[in-house]
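Heads up: the structure comes next, in structure tokens.
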Amino acid sequence: MLDVREPEYTIPGQDMHELGLIEEIFTIVQGELDRQGIRQQVECLTLTVGKLSGASPEALQNAFELVSPGTQLEGARLEIEEPGPLCRCPACGFEEEVSQFILSCPACDSGSILLEGGADLRVRSLDVEDDDEGEE
Ligand SMILES: [Zn+2]
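Here the sequence shown stands for residues -2 to 133, where the numbers follow my numbering.
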């Protein structure tokens, strides 16, 4: 397993169409594969697509299948993590991941909450085929 969490690749332009996003992701992944001299096919690509990112996982999946043939990502599994924002409430101390954009605390209804994250759209990890089989 090749982990590309360090450094993290944040993809700008969250209002772009999913096809454009996937093309950008492919450029990043291909660049990373080239940089590390990896020639094997990618088995699994994991993306972080925050619930507030505005991108649709289904549309990303469709775009992936459209763009991947003929690349090192052809036939790869696309996995999408969808983290929600972390809601912090200074009034009652509530601190939990929520699944959507909210305006008030789910616990005490206070309107002065902080939402953090949940809008990320980036490559989380990618797995490539092993050179020698059965080494796990
Ligand atoms: Zn609260």
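Glycine residues also receive a C-beta, built at the ideal position from the N, C-alpha and C atoms.
Handout entry: Extent of the continuous alpha helix (DSSP H) to which R32 belongs
Key = E15 to R32 is the span of the alpha helix (DSSP H), which, as asked, contains R32.
Exercise for the section: Output yes if chain C places a C-beta closer than 8 Å to the C-beta of E79; else output no. Expected result: Any reference to chain C falls outside this structure, which holds one protein chain only.
Exercise for the section: Please classify E113: does DSSP put it in a helix, a strand, or coil? Expected result: Strand, per DSSP.
Problem - Own chain, CB closer than 6 Å to L63, minus 5 neighbours either side, in chain order - result: For L63, where only same-chain residues beyond five positions count, there are no Cβ hits under 6 Å.
Exercise for the section: Report the rounded CA-to-CA distance for D127 versus Q37, giving the unit in angstroms. Expected result: Cα atoms of D127 and Q37: separation of roughly 8 Å, rounded to the nearest angstrom.
Problem - Secondary structure of E92, DSSP reduced to three states - result: For E92, the secondary structure class from DSSP, reduced to helix, strand or coil, is strand.
Problem - Boundaries (first-last residue) of the beta strand (DSSP E) holding E76 - result: Its beta strand (DSSP E) spans residues R74 to E78.
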